[in-house]
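Chains as they are written, first to last, in the working numbering: chain A, 1 to 289; chain B, 1 to 303.
Note that CB positions come from ideal geometry on N, CA and C, so glycine has one too.
Okay, so here's the structure we're looking at.
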Amino acid sequence: MTVTVQSRASKQAKRIALWFTTFALMLVMCVPGLWVVLSAFRPNREILAKPPVWIPQELSLVNFGKVFGFGAEQVGIPVGSYFANSLIIALTSTIIALIIGIGGGYAFARYRFRFKGGLFLGLMLFRAVPGIALSLPVFMMWSKLGLVDTKLGLIIVYVSLNVPFTIWLIDGFFRQIPQALSEAAQVDGCTRWQAFWKIEFPLAKSGIAAAGVFAFLTSWNEFALASQLTRSTDSKTLPVGLLDFTAQFTIDWAGMCAMAVIIIIPALILTFIVQKHLIAGLTFGGVKG
Amino acid sequence: MIRALTTRRTEMAPFLLLLPAVATMLFVVALPLIFSLWTSLTPYKLTKPNTLYDFIGLTNYVRIFGDWDFWEAFLRTIGFLTVALNVEFALGLGIALLINKITWGQRGLRTIMMFPMMFSPILVGFQFKFLFNDHIGVVNNALQSLGLTNRAIPWLVDAKLAMFSITLAEVWMSTSIFAILLLAGLFAMPRDPLEAAKVDGCNAWQVFRHITLPFLMPFAYIAMAIRSLDVARAYDLVAVMTDGGPAGRTELLWTLIARVGYDEAKMGQANAMAYVSTILSILFTWYFYRKLVAARRYMGGAE
Numbered sequence: 001m002t003v004t005v006q007s008r009a010s011k012q013a014k015r016i017a018l019w020f021t022t023f024a025l026m027l028v029m030c031v032p033g034l035w036v037v038l039s040a041f042r043p044n045r046e047i048l049a050k051p052p053v054w055i056p057q058e059l060s061l062v063n064f065g066k067v068f069g070f071g072a073e074q075v076g077i078p079v080g081s082y083f084a085n086s087l088i089i090a091l092t093s094t095i096i097a098l099i100i101g102i103g104g105g106y107a108f109a110r111y112r113f114r115f116k117g118g119l120f121l122g123l124m125l126f127r128a129v130p131g132i133a134l135s136l137p138v139f140m141m142w143s144k145l146g147l148v149d150t151k152l153g154l155i156i157v158y159v160s161l162n163v164p165f166t167i168w169l170i171d172g173f174f175r176q177i178p179q180a181l182s183e184a185a186q187v188d189g190c191t192r193w194q195a196f197w198k199i200e201f202p203l204a205k206s207g208i209a210a211a212g213v214f215a216f217l218t219s220w221n222e223f224a225l226a227s228q229l230t231r232s233t234d235s236k237t238l239p240v241g242l243l244d245f246t247a248q249f250t251i252d253w254a255g256m257c258a259m260a261v262i263i264i265i266p267a268l269i270l271t272f273i274v275q276k277h278l279i280a281g282l283t284f285g286g287v288k289g
Numbered sequence: 001m002i003r004a005l006t007t008r009r010t011e012m013a014p015f016l017l018l019l020p021a022v023a024t025m026l027f028v029v030a031l032p033l034i035f036s037l038w039t040s041l042t043p044y045k046l047t048k049p050n051t052l053y054d055f056i057g058l059t060n061y062v063r064i065f066g067d068w069d070f071w072e073a074f075l076r077t078i079g080f081l082t083v084a085l086n087v088e089f090a091l092g093l094g095i096a097l098l099i100n101k102i103t104w105g106q107r108g109l110r111t112i113m114m115f116p117m118m119f120s121p122i123l124v125g126f127q128f129k130f131l132f133n134d135h136i137g138v139v140n141n142a143l144q145s146l147g148l149t150n151r152a153i154p155w156l157v158d159a160k161l162a163m164f165s166i167t168l169a170e171v172w173m174s175t176s177i178f179a180i181l182l183l184a185g186l187f188a189m190p191r192d193p194l195e196a197a198k199v200d201g202c203n204a205w206q207v208f209r210h211i212t213l214p215f216l217m218p219f220a221y222i223a224m225a226i227r228s229l230d231v232a233r234a235y236d237l238v239a240v241m242t243d244g245g246p247a248g249r250t251e252l253l254w255t256l257i258a259r260v261g262y263d264e265a266k267m268g269q270a271n272a273m274a275y276v277s278t279i280l281s282i283l284f285t286w287y288f289y290r291k292l293v294a295a296r297r298y299m300g301g302a303e
């Protein structure tokens with residue numbers, strides 16, 4: 001009797017120890033990111049202080065104001081227009097990639113046709129071309145077409161960057177919907193288009209949204225191509241703008257941290273919303289396909 | 001007649017649906033790749049536009065294969081990826097197994113685990129540049145405050161330490177994707193074989209080695225396949241953290257391409273290097289895709 005109570009107690013203790021270890025481990029993993037976020041609210045003199053100031057004495061939103069050009073002090077970097085460029089480019093390319101991806105994903109999920117496997121693999125392999133390698137010929141072509149340093153130029157590139165992955169995810173989500181549903185609707189007199197639009201599309205909607213978030217974040221975060229294809233405030237995006245800080249004589253660490261937080265907030269919110277669908281899409285589409 | 005028409009239309013449907021996707025990829029990826037292949041066979045320099053029409057055969061390829069800088073960057077890239085991917089897999093597996101054991105607060109842990117996934121490579125690069133700065137970085141500050149050292153360790157200036165810092169940044173950035181996909185695999189795992197093995201007297205290691213691990217392999221290959229699509233994102237990390245320095249000691253293939261192509265304006269030679277890196281990436285992706293298909297077939301047979 002005492003033995004079982006003891007062993008149960010030690011089992012319980014083991015579980016609690018495991019819980020704390022895991023939790024501590026996860027927190028340690030987050031420290032580097034959290035340190036940047038914290039520094040965004042601290043003044044430069046505290047960041048640069050020697051000996052270091054460990055416990056923040058002043059926390060304020062001043063850095064964000066400076067970055068956006070509010071208030072007396074202002075950094076000489078037009079973060080506001082970079083933000084607008086990033087938003088326009090990422091949103092437009094996501095919408096176009098989704099429209100193309102829904103068509104392609106539906107075709108892969110619902111039809112049998114020749115070269116299906118080859119075509120799917122081909123799309124994926126195109127996606128594998130390193131950004132910097134692709135940027136060389138695209139840069140040369142875009143300069144001939146007058147697309148360097150335009151939003152349109154970057155949008156076109158990002159659409160092609162996002163199409164393969166969008167197709168992969170959406171294909172996975174359509175496969176999860178039993179084909180019998182749309183067949184039943186067609187027996188009842190719907191056209192294939194109506195069956196798609198009234199039954200399959202609404203069921204796949206959350207998955208499609210997840211694919212959209214993924215595409216948005218890819219465009220929002222992309223650097224290798226953007227750094228070569230943009231020149232000025234006409235088209236520079238936030239990741240490229242972040243490097244503007246390093247070109248100055250003294251690096252404005254607080255300003256960079258504030259800009260980092262501005263870049264990460266949309267990513268944080270969007271990833272949080274769709275995390276469940278994203279995992280489902282990646283694994284289902286991959287394993288059971 | 002009518003039937004013939006409808007079957008033909010259904011045959012056409014998938015191709016029509018795929019047409020925009022294929023057209024985009026042809027225009028933005030395939031066409032540039034052909035152009036880049038041609039450029040790699042010319043001595044093209046951005047400053048001398050006419051050189052685009054001089055055909056010089058494989059001279060650029062011969063030159064880069066005889067160039068020690070290229071081989072150094074090439075081998076460093078391979079080494080970097082080998083270390084980073086293996087560490088990411090091992091850590092990801094460990095984290096997934098730990099979180100799988102936990103019953104209370106698992107959702108919260110999963111969300112925390114995904115935190116690094118939200119950082120873009122450029123941000124991760126900046127973040128570690130900030131943390132590892134020799135004067136104001138938190139790493140040196142902490143070491144000094146704890147009295148472990150009193151000098152400023154040159155994390156990003158010394159060649160070996162810089163490579164270590166870059167690898168650490170890469171591992172921090174990408175371990176989550178392994179962890180999350182392997183965790184999804186653990187959730188999908190059927191209970192019966194585990195219980196049967198326990199009844200048959202297998203110990204924990206045997207169960208892990210012969211049941212859990214084989215079941216997880218397709219998920220590992222998915223993670224590898226996804227990762228192989230964007231291993232070149234390490235370019236962003238290096239571009240921010242060291243830009244290939246000091247003296248080219250952290251130069252990866254991708255930063256070398258950017259330097260030769262844009263800074264030195266030798267487009268022909270850069271395109272030759274880019275072609276080598278593209279083929280490398282495609283082989284890598286293809287390999288893991290094949291592994292994935294094979295593992296999937298094996299699982300399908302076992303089901």
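- Taking CB atoms only, Pro193/B has no neighbour in chain A less than 8 Å away.
- Under the three-state reduction of DSSP output, Lys236/A falls in the coil class, being neither helix nor strand.
- Listed by position along chain B, the residues whose Cβ is nearer than 7 Å to that of Ser160/A are Thr24, Met25, Val28, Val29.
- Inter-residue distance for Asn85/A and Arg297/B is about 45 Å (C-alpha atoms, whole angstroms).
- Leu169/A counts as buried, since at least 16 other C-beta atoms from the protein chains shown sit within 10 angstroms of its C-beta.
- Taking 8 Å as the cut-off, the beta carbon of Asn221/A is found closer than this to the beta carbon of Ile122/B.
- Lys48/B is bridged by DSSP to Lys45/B.
- Contact between the segment 171–183 of chain B and the segment 220–230 of chain B is established, with three or more Cβ pairs separated by less than 8 Å.
- Excluding the 5 residues flanking it on each side, Ala184/B has no same chain C-beta neighbour closer than 6 Å.
- Contact check between the segment 34–47 of chain B and the segment 244–260 of chain B: fewer than three CB pairs, one atom from each, fall below 8 Å, which does not count as touching.
- For Ser227/A against Val213/A, the beta-carbon gap comes to about 24 Å, at or over 8 Å, which does not count as contact.
- Chain B places a beta carbon closer than 8 Å to that of Arg127/A, counting this residue as a contact.
- Glu170/B sits buried, since 16 or more C-beta atoms from the chains shown fall within 10 Å of its C-beta.
- Assigned with DSSP and collapsed to three states, His135/B falls in coil, not helix or strand.
- A distance below 7 Å between beta-carbons, with the five flanking residues on each side excluded, links Ala90/A to the following residues of its chain, in chain order: Phe216, Ser219, Trp220.
- Between Met256/A and Val79/A, the C-beta spacing is not below 8 Å.
- Within chain A, the residues whose beta carbon sits less than 7 Å from that of Asp236/B are Phe223, Ala224, listed in sequence order.
- Closest option to Phe15/B, judged by alpha-carbon separation, among Gly146/A, Leu119/A, Gln194/A: Leu119/A.
- Within the segment 280–292 of chain B, those residues whose Cβ lies closer than 7 Å to any Cβ of chain A are, in chain order, Ser281, Ile282, Thr285, Trp286, Tyr289, Leu292.
- Between Leu18/B and the set Ala267/A, Ala97/A, Ala210/A, the nearest pair of CA atoms involves Ala97/A.
- Excluding sequence positions up to five before and after Phe196/A, its CB lies within less than 8 Å of the CB of Tyr106, Ser182, all in the same chain and listed in chain order.
- Look at Pro43/A: its C-beta is not under 8 Å from any C-beta on chain B.
- Ranked by Cα distance from Val261/A, the options Ile100/A, Val138/A, Leu242/A, Thr94/A are led by Leu242/A.
- Here Trp205/B is exposed: its Cβ has fewer than 16 other Cβ atoms, across all protein chains shown, within 10 Å.
- Look at Ala184/B here: in three-state DSSP terms it is helix.
- Residues of the same chain with a CB within less than 8 Å of the CB of Leu156/B, apart from the 5 flanking positions on each side, are Lys129, Phe132, Asn133, Asp134, Ala162, Ser165, Met241, Thr242 in chain order.
- Listed in chain order, the alpha helix (DSSP H) elements of length 4 or more contained wholly in the segment 97–134 of chain B are 106–113, 121–131.
- Thr39/B places its beta carbon 8 Å or farther from that of Pro130/A.
- Taken in chain order, the complete beta strand (DSSP E) segments of 3 or more residues contained in the segment 203–277 of chain B number zero; there are none.
- Taking C-alpha positions only, Asp200/B is separated from Lys14/A by approximately 25 Å.
- In this structure, Val159/A lies near Thr24/B, with their beta-carbon atoms less than 8 Å apart.
- Under the 8 Å criterion on CB atoms, Ile89/A is classed as non-interfacial with respect to chain B.
- Here the alpha carbon of Thr77/B sits roughly 22 Å from the alpha carbon of Gly92/B.
- The continuous alpha helix (DSSP H) containing Arg175/A extends over residues 151–175.
- Taking the C-beta atoms as reference points, Phe108/A is found nearer than 8 Å to Asp171/A.
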